[in-house]
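Sequences listed follow chains A and B, in order.
Note that the working numbering has the first sequence beginning at 12, numbered continuously upward.
Note that the working numbering has the second sequence beginning at 12, numbered continuously upward.
There are 2 protein chains.
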Amino acid sequence: MEKWVYSFGKSRCDGDASMRSLLGGKGGNLAEMASIGLPVPPGFTISTDVCAHYYNNDHCYPDALKADVETALQLVEQETGSIFADETNPLLLSVRSGARASMPGMMDTVLNLGLNDKTAAGLAASTGDARFVYDSYRRFIQMYGDVVMEVDHGLFEDALEDMKLKRGIFVDTDLSGDDLEQLVGEYKKIVTEEAGIDFPQDPMEQLWGAIGAVFASWMNQRAITYRRLNDIPAEWGTAVNVQAMVFGNKGNDCATGVAFTRNPSTGENLFYGEYLINAQGEDVVAGIRTPLPLTRHAREVAGTDVASLEEAMPEIFTQLADVRTTLERHYGDMQDLEFTVQQNKLYMLQTRSGKRTAEAALTIAVDMAEEGLITKQEAVMRLDPASLDQLLHPTLDPSADRHAIARGLPASPGAASGIITLTADMAEKRASQGQSVILVRLETSPEDIHGMHAAAGILTARGGMTSHAAVVARGMGRPCVSGAGELRIDSQRGIVYCGDVELKDGDTLTIDGAAGEVYLGTLDMVQPSLSGAFEIIMGWADGMRDMAVRTNAETPADAEAARAFGAEGIGLCRTEHMFFDSDRIIAMREMIMAVDTAGRQLALDKLLPMQRQDFVALFEIMSGLPVTIRLLDPPLHEFLPHSEEELAEVAQQAGVSVDLARQRALRLRESNPMLGHRGCRLAISYPEICAMQSRAIFEAVAKVAATGAAPIPEIMVPLAATAREIEICRQIIEAEAHAVQTETGQTFTYLIGTMIELPRAALCADQLAEQAEFFSFGTNDLTQTALGISRDDAASFMHAYQDAGIYAVDPFVSIDIDGVGALVKLGVEKGRASRPDIKLGICGEHGGDPASIHFCQSAGLDYVSCSPFRVPIARLAAAQAAVMAKSSKT
Amino acid sequence: MEKWVYSFGKSRCDGDASMRSLLGGKGGNLAEMASIGLPVPPGFTISTDVCAHYYNNDHCYPDALKADVETALQLVEQETGSIFADETNPLLLSVRSGARASMPGMMDTVLNLGLNDKTAAGLAASTGDARFVYDSYRRFIQMYGDVVMEVDHGLFEDALEDMKLKRGIFVDTDLSGDDLEQLVGEYKKIVTEEAGIDFPQDPMEQLWGAIGAVFASWMNQRAITYRRLNDIPAEWGTAVNVQAMVFGNKGNDCATGVAFTRNPSTGENLFYGEYLINAQGEDVVAGIRTPLPLTRHAREVAGTDVASLEEAMPEIFTQLADVRTTLERHYGDMQDLEFTVQQNKLYMLQTRSGKRTAEAALTIAVDMAEEGLITKQEAVMRLDPASLDQLLHPTLDPSADRHAIARGLPASPGAASGIITLTADMAEKRASQGQSVILVRLETSPEDIHGMHAAAGILTARGGMTSHAAVVARGMGRPCVSGAGELRIDSQRGIVYCGDVELKDGDTLTIDGAAGEVYLGTLDMVQPSLSGAFEIIMGWADGMRDMAVRTNAETPADAEAARAFGAEGIGLCRTEHMFFDSDRIIAMREMIMAVDTAGRQLALDKLLPMQRQDFVALFEIMSGLPVTIRLLDPPLHEFLPHSEEELAEVAQQAGVSVDLARQRALRLRESNPMLGHRGCRLAISYPEICAMQSRAIFEAVAKVAATGAAPIPEIMVPLAATAREIEICRQIIEAEAHAVQTETGQTFTYLIGTMIELPRAALCADQLAEQAEFFSFGTNDLTQTALGISRDDAASFMHAYQDAGIYAVDPFVSIDIDGVGALVKLGVEKGRASRPDIKLGICGEHGGDPASIHFCQSAGLDYVSCSPFRVPIARLAAAQAAVMAKSSKT
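In structure tokens form, the structure reads like this:
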């Protein structure tokens, strides 16, 4: 017979915390606390299986449920010595939802269930405290009316206010027992009028009503939305916790409070919390009365003189402090507790892992490991790699008042304020005058790089998580909100429309790149500070990793930042970014405008020394670490301007007629540039470009090796689909290597490999590996081609796709394991089959995404490469992936 | 010990025709003829392995070659009774190249090798025919000087002309023996002056010089170009044939000729050929003397009275006629022969399969099968499916004088003449006035469809073999040359620049869509005629096929044409083509401009009856055969105009402001439309479009089923990458099916399936098959995404790619088996694993390409679908593929 109901209490405990998926977080932890002897009011949990049964069977419960609940209820009666629905000594219950994960938006709590006219009267008589009883009764009616019977709770509040007005008093507690009994009558009338039926007087009917409301709320709109936003499957379902009431509001020997076993904000190992004498749980949270500090120390720090719990109820405090120690030892984690003191007796109502800031999480993990509560491995496993982002960037002050005027994608973390600036040139100019600038563009292109660098933050109206703006901003560590679709930008008039709001060039904005939000004016920020715990955890993580972590970087600034964050090499240096500097773009355009090889060579000769210097700088910074250099990748038209005036300028610079320039630009135009004349196709059409870049690399190697650590360049052929393409490029590269070695008299080692970014490359990886000494999986483009989604255009349907459950996560953010992942695995398998010592890495944006890094571990890659600011995240995620892989093997 | 040299002759025959790859076509057939007792002058073949050795070993021969050649030479000496380099009875040799496939551009022939001053004098003395000997000697010096020593052959011809001038004669044959001996002296002087060395007098040195020249010519530029154009691998190499000379020019009892065993033009079973008395082989071909007919019948038909061979040399003719029969029986194919009669003795110098017209090929195959020379299967296997194209379209008269002014891709076969017309509207107008029009565009788009339909032929400056122009033209059966990159079109001034030529709107052009060439003026055409043999062969082929053949069609005209060509259903009906008609595009644009679902619905309501009528027409034509209908596929911006004026018109039609229309158009614009908001992404964003199309289909089914054969619609969800996308569309489609069934009271069957056109769809085909009852592999888009090549942009590098050997064949023409093919095979395997009875087909352009059809057979597809005019090709190719599959199994 299936078990639907799990009791907890002193006499019997059916569950424990490991049964979270069956009992929910709350139910599992109540059972766990009871089973280790902590004072938990008895109760029972109706499992999530009942929820599943309910939704799979047309909102019907399992047949056995009624009897099981009644049996469990009897156990609670026995333990409490009170009887449900009894008129003199009635058992009162709380009913709470409790899903596997915390789920705001669901029905939360009904308290004091079991009260009706008769039990209230009896209880008032037996306790002699009518005020307490009718206050509890009216609270019950309000909660039950609101969440179970869908009566607007404002009506109850109005009635309460009316009563106080009538009595001429201001505070609820000044109402007498009679007042409250009268209020109960009015509340019941409200229910009858609004719900069309009377407030139920049968306690058992009340109980089933509350249970039903919990299950029904699992499918309300707010819960559905929350689940979608937090990737919680609907199948999980919720449990229902039914528990004997205890009261913290029965007098001055009663209290209620919440506590964290350590400081959730800093992580300091100090007991931290708040309490109120003679109050119910809600009162602490609701802020009607100011809660008091838990410890004397906290009171002293706060500089108040109202007694802490430690001083007011020293015995209770000692018990609670013991509970704190017990729970931390038991769970091996910082806990968030709820407790109630009823007539000098302590009851634990809840424990769960406490939410904490990223900084606190680090400190707690390190401290606990050093205290011996957990192992170093557990410390590393416990951290959310994505949360490290908070530590590396300024963030909005959580207490800052904020109202977003527009939303986009959280493209690059951190917050920034600055004045709206609509062109890259203006951004550079204003920044050079010391102004903080937010660069606002429809979308960005490589021509905007200098402006992006100068800006404090970047905001675009178009483009996804891997749009140009997003990728470059993450690389630079600039906050960025991309794809804020509500924005309309009128560059000519210098106006940005944002719904009804009209913003002008020069107005001040703040963006939160972690939240994807845009605010008017300047908001307060919190500056990042890296604690010692960060370095300690990173050190532990590095010891656990299988995969190396490299960075995607092409500027000295990025390379230096990445090394400081622990990068072990460059996994992707995009050489095209080096051609957009104002002095270089001219030579680049000359090359594009050239009508023959000789003309191209002339322009390339100008670029060679600049490109060589780029590599010298990178090699020096990386001092002997591997540097993967990708040959020129984008289609040539990306280097040309769009307007007629600019084109005339280009023609002049390149020394050709405007007509010829226009024709050349027209010829270069493509329907689908993503699938056009780019990557190694350029090297094959114009071998001299590949030769110049190869020569620049090798001359830089020779130069740096002469004075320092010998660089190890890994030259990467982009967009190859066939072995032959790599072979052709290899011939050009090797010829240059040979020439430079002869000229300099030096010998040096280097690798030639390819980027696997087309499905065919993965499918034919065995052939490609015959020509390639390494593969770097370019999962951005691989995602675009495998899924047939242009990342620049995906915004128009990706939201609808996620809503419809087609892609649970944006596949440009977290690797699509079934599709793109299958290609990566094929590529790895076939590549290694053909060249067992092939070096395998990933350099797409996924290289900095924890879920994708776990996939990379399972696929057997040698390294991941990501933006500088994601290097710590990748180090931690790679360690976690390695630990999980080992534990799943044993 | 490896064998490098293969003798042939009466006494010994080392090879046969099956050793074509080792001996080349010519060498194999000489050995074969000798071995079946035909009179072949003895000789030997130096194998293609020697060529490979030569190129793999720095132009050195195998060590054993010299001795092997000498041994083989002795055998020739024995059989001919003459001695190489002997001064009185010298053996003279011919040296010819002979590759596996016919290879124009290589060194062809050196005759009379072995002559020098001494052997010539000796031979003149022994034969008493100095004129013949010195004529042979001077011919030898000229040929050898030209092809081995690289002396300009014009110099020899000048010397000959000078000599004739000096002697006051006009015909070569009037020169005396003395004249010719003197000419030999001058020829030798020319060689010494030009080559810097004397003409070699050592016959053995002459022999090795000629052999070396054959091998060297394998890598000359013309040969390389020819191989590239004809997909011949360089590794094949060439053989060298060395053979005893026989002379058809030793007197009036000598002759030489060429013959076909049947008429190569019509296929008629009549001996066909030409000959000349007292002449060498070259004379027949060179056209200096007019060759005479072989048979009396041919002479009578030609109406001449000079004797045919049958009349002039009846005994020889009888022997030759026997040879004809022997060879046809032996080879089971029509042969192309070369023969020489030396002093009343017949020698066979060559036999090979005769080239023939497509029509002749059909007739010969059918006749031979009916004569019992070959089986029906052999008849079917022998035909080149691609050649059927010639039979279905008008072609240029082969005798027409032609000079191409521009070249592009052979995008759609057939030839057409007409006046240059630059817009679709003008094309329609002129065509309606009875003018023949060539529509000339930079590229075409769906808006041009009406103009393409009205045009006699289509010429574009941009776009590949599967560009819009090419695909649509093939579907319509219109000749098309696409991607003629030399063209520059100035639409405003109505001028088309083609290199230096300036063409005006209204000038007349002719295009040859099978050759991809463009000519000035009107050229003569040959109209197609389908012989009875065509139907017979098609009938045989149909009996051998495993795969069904369907067509890609959406207009009644195309559907009817395809059925006439034997299509067994529609494999792809592209519904978007139905929305471009001038009365529909307005409603379509209204829908696009609609700001909400209600507005869209209003426009869709207008489209519904039109769309329904489209399907009614198709269902009626296909009367019960399956019809695969693809839901709307292209991005919506394809339905919008580009210019500001046209946009204003659209705004007016749609009843919105120009500003709103412009904004909407701007929002729809995409960076990479190929990977954008299209396919089922439209159905998911705008379910009402999918609903309208589904309703139109089902209402049409109900209407047609009421009076005729029940249609079987197969509704195809385009561009799916996930099962969930199909599931969502399925819900919409099924709801409409249910509604129409309820409304009409009819029940009908239909299938819902998907197009596999993204790599992810193939990789996850097991998941997709859970939602899809059929897969149609859309290998056009699958090629674009798997290889990362936009077919609209590929022209800029695809030629360079083919030249560099990266893709041997354009992957849009013939399926890339390693990459795209791997995905198709994965899709088939996974699809069947998950749904064993899943229906599998292909509807990309590859469905009409014979090589790709062979792949489809091996992949296990159920059907191929192609343009109407390719249906016969597909039927034949599918039969061949099935036969080959069976024979490879046994």
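Ideal placement from N, C-alpha and C gives every residue a C-beta, glycine not left out.
Quick caveat, the model's predicted, so the values are computed rather than measured.
Exercise. If you check the beta carbons only, do residue 573(B) and residue 875(B) fall under 8 Å apart?
Worked result: Here residue 573(B) refers to the residue found at position 562 when the second sequence is read from its first residue. Here residue 875(B) refers to the residue found at position 864 when the second sequence is read from its first residue. Not in contact: residue 573(B) and residue 875(B) (Cβ atoms no closer than 8 Å).
For this session: Count the other CB atoms, across all protein chains shown, that sit within 10 Å of the CB of residue 634(B); report buried if there are 16 or more and exposed otherwise.
Result: Indexing the second sequence from 1 puts residue 634(B) at position 623. Counting Cβ neighbours within 10 Å, residue 634(B) comes out exposed, since fewer than 16 surround it.
Exercise. Tell me which same chain residues have a C-beta within less than 8 Å of the C-beta of residue 714(B), skipping the five on either side of it?
Worked result: Position 703 of the second sequence holds residue 714(B). Only 623, 627 meet the Cβ criterion.
For this session: Return yes when the Cβ of residue 354(B) is within less than 8 Å of the Cβ of residue 4(B), no when it is not.
Result: What the structure shows of chain B is the stretch from 12 to 901, and residue 4(B) is not part of that stretch, so it cannot be assessed.
Problem set entry | Min CB distance residue 795(A) to chain B below 8 Å | In the first sequence, the residue the question calls residue 795(A) occupies position 784. So, interface residue.
For this session: Specify, as a first and last residue, the run of the alpha helix (DSSP H) that residue 148(B) falls within.
Result: Position 137 of the second sequence, counted from the first residue, corresponds to residue 148(B). Residue 148(B) -> alpha helix (DSSP H) spans 141 to 158.
Exercise. Can you check whether the CB of residue 320(B) is closer than 8 Å to the CB of residue 327(B)?
Worked result: The sequence position of residue 327(B) within the second sequence is 316, counting from 1. The sequence position of residue 320(B) within the second sequence is 309, counting from 1. Against a cut-off of 8 Å, the Cβ pair of residue 320(B) and residue 327(B) comes out as a contact.
For this session: Taking the CB atoms as reference points, tell me whether residue 581(B) and residue 639(B) lie closer together than 8 Å.
Result: Stepping through the second sequence from its first residue, residue 581(B) is reached at position 570. Stepping through the second sequence from its first residue, residue 639(B) is reached at position 628. A contact, by the Cβ cut-off of 8 Å.
For this session: State the CB to CB distance for the pair residue 234(A) and residue 117(A), rounded to an integer number of angstroms; the pair is presumed to be in contact (CB under 8 Å).
Result: In the first sequence, residue 234(A) corresponds to position 223, counting from 1. In the first sequence, residue 117(A) corresponds to position 106, counting from 1. Confirmed, about 5 Å.
Exercise. Between residue 651(B) and residue 425(A), what straight-line distance do the alpha-carbon atoms span, to the nearest angstrom?
Worked result: Here residue 651(B) is taken as the residue at index 640 of the second sequence, counted from 1. Here residue 425(A) is taken as the residue at index 414 of the first sequence, counted from 1. Residue 651(B) and residue 425(A): Cα-Cα distance of roughly 41 Å.
Exercise. Looking at the structure shown, is residue 395(B) part of a helix, part of a strand, or coil, going by DSSP?
Worked result: Here residue 395(B) refers to the residue found at position 384 when the second sequence is read from its first residue. Looking at residue 395(B) - three-state DSSP - the assignment turns out to be coil, as it is neither helix nor strand.
Problem set entry | Neighbour-count burial assignment, residue 182(A), 16 or more Cβ in a 10 Å radius | Here residue 182(A) refers to the residue found at position 171 when the first sequence is read from its first residue. With fewer than 16 other Cβ atoms within 10 Å, it is exposed.
Exercise. What separation, rounded to the nearest whole angstrom, lies between the Cα atoms of residue 601(A) and residue 482(A)?
Worked result: Taking the first sequence and counting its residues from 1, the one referred to as residue 601(A) is at position 590. Taking the first sequence and counting its residues from 1, the one referred to as residue 482(A) is at position 471. Rounded to whole angstroms, residue 601(A) to residue 482(A) spans 28 Å at the Cα level.
For this session: Could you tell me how far apart the beta carbons of residue 854(A) and residue 558(A) are, in whole angstroms, since I believe they sit closer than 8 Å?
Result: Indexing the first sequence from 1 puts residue 854(A) at position 843. Indexing the first sequence from 1 puts residue 558(A) at position 547. Contact doesn't hold; Cβ gap of about 13 Å is too wide.
Problem set entry | residue 786(B) - DSSP class collapsed to helix/strand/coil | Residue 786(B) sits at position 775 when you count from the first residue of the second sequence. Looking at residue 786(B) - three-state DSSP - the assignment turns out to be strand.
For this session: With 7 Å as the limit, tell me which residues of the stretch 728 to 744 of chain B have their beta carbon closer than that to any beta carbon of chain A; keep them in chain order.
Result: 730, 732, 733, 735, 736, 739
For this session: May I ask you to list, following chain order, the residues of the stretch 810 to 837 of chain A that have a beta carbon less than 8 Å from some beta carbon of chain B?
Result: 811, 812, 815, 816, 817, 818, 827, 829, 830, 831, 833, 834
Problem set entry | Contacts around residue 428(A), its chain only, beta-carbon distance under 6 Å, and the 5 residues preceding and following it disregarded | Your numbering for residue 428(A) matches position 417 in the first sequence. Answer for residue 428(A): 521, 533, listed in chain order.
Problem set entry | Assumed close pair residue 797(B), residue 830(B) - CB separation to whole angstroms, cut-off 8 Å | Numbered from its first residue, the second sequence carries residue 797(B) at position 786. Numbered from its first residue, the second sequence carries residue 830(B) at position 819. With 8 Å as the limit, residue 797(B) and residue 830(B) qualify as a contact, their Cβ atoms being about 5 Å apart.
Exercise. Would a check of beta-carbon distances place residue 799(A) closer than 8 Å to chain B?
Worked result: Translated into positions along the first sequence, residue 799(A) becomes position 788. With 8 Å as the cut-off, residue 799(A) counts as an interface residue toward chain B.
For this session: Would you tell me roughly how many angstroms separate the C-alpha atoms of residue 769(B) and residue 472(B), rounded to the nearest one?
Result: Working through the second sequence from its first residue, we reach residue 769(B) at position 758. Working through the second sequence from its first residue, we reach residue 472(B) at position 461. Rounded to whole angstroms, residue 769(B) to residue 472(B) spans 29 Å at the Cα level.
For this session: Please decide whether residue 808(B) counts as near chain A, where near means a Cβ-Cβ distance under 8 Å.
Result: Taking the first residue of the second sequence as 1, we reach residue 808(B) at position 797. Yes, its Cβ sits closer than 8 Å to a Cβ of chain A.
Problem set entry | Candidates 541(B), 637(B), 703(B), of which the one nearest residue 614(B) by Cα | Against the second sequence, residue 614(B) aligns to sequence position 603. When only C-alpha atoms are compared, the closest one is 703(B).
Exercise. If you measure from the beta carbon of residue 246(A) to each beta carbon in chain B, is any gap under 8 Å?
Worked result: Along the first sequence, read from residue 1 onward, the residue named residue 246(A) stands at position 235. No, because no Cβ of chain B sits closer than 8 Å to the Cβ of residue 246(A).
Exercise. Between the C-alpha atoms of residue 681(B) and residue 67(B), what's the straight-line distance to the nearest angstrom?
Worked result: Against the second sequence, residue 681(B) aligns to sequence position 670. Against the second sequence, residue 67(B) aligns to sequence position 56. Cα to Cα, the separation comes out at about 51 Å.
Exercise. Which residues, in order along the stretch 682 to 701 of chain A, keep a beta-carbon less than 7 Å from a beta-carbon of chain B?
Worked result: 682, 683, 684, 685, 686, 687, 688, 692, 695, 696
For this session: For the beta strand (DSSP E) holding residue 898(A), just list the boundary residues, first then last.
Result: On the first sequence, residue 898(A) is found 887 positions in, with the first residue counted as 1. Element bounds for residue 898(A): not the beta strand (DSSP E) but the alpha helix (DSSP H), 882 to 900.
Exercise. Got a sec? Which residues, its chain only, sit under 8 Å from residue 501(A) by beta carbon, not counting five neighbours each side?
Worked result: Here residue 501(A) refers to the residue found at position 490 of the first sequence. Excluding positions up to five away in sequence, the list reads 507, 508.
Exercise. With which residues is residue 509(B) paired in a DSSP beta bridge?
Worked result: Within the second sequence, numbered from 1, the residue matching residue 509(B) stands at position 498. DSSP, once it has assigned bridges, lists 498(B), 512(B) as partnering residue 509(B).
For this session: Can you give me the Cβ contacts of residue 711(B) inside the same chain, cut-off strictly under 7 Å, excluding the 5 residues immediately before and after it?
Result: Walking along the second sequence from the start, residue 711(B) turns up at place 700. Excluding residues within five positions, the ones whose Cβ falls inside 7 Å are 623, 626, 627, 630.
Exercise. Which residues in the same chain have their Cβ closer than 6 Å to the Cβ of residue 367(B), if we skip the five residues on either side of it in sequence?
Worked result: Residue mapping note: residue 367(B) aligns to position 356 of the second sequence, counting from 1. Excluding positions up to five away in sequence, the list reads 275.
Exercise. Mind checking if residue 775(B) is an interface residue toward chain A, Cβ cutoff 8 Å exclusive?
Worked result: Counting from one through the second sequence, the residue named residue 775(B) turns up at place 764. Closer than 8 Å: yes.
For this session: State yes or no: is the beta carbon of residue 300(A) nearer than 8 Å to at least one beta carbon in chain B?
Result: Residue mapping note: residue 300(A) aligns to position 289 of the first sequence, counting from 1. Judged by the 8 Å Cβ criterion, residue 300(A) is not in contact with chain B.
Problem set entry | Beta bridge counterpart(s) of residue 698(B) as assigned by DSSP | Looking up residue 698(B) in the second sequence gives position 687. In DSSP, residue 698(B) forms no bridge with anything.
Exercise. Between residue 53(A) and chain B, is there a C-beta pair that is closer than 8 Å?
Worked result: Here residue 53(A) refers to the residue found at position 42 when the first sequence is read from its first residue. No, residue 53(A) does not count as interfacial toward chain B.
For this session: Using alpha carbons as the reference points, say which of 740(B), 757(B), 742(B), 375(B) lies closest to residue 721(B).
Result: Indexing the second sequence from 1 puts residue 721(B) at position 710. Nearest of 740(B), 757(B), 742(B), 375(B) to residue 721(B), Cα basis: 757(B).
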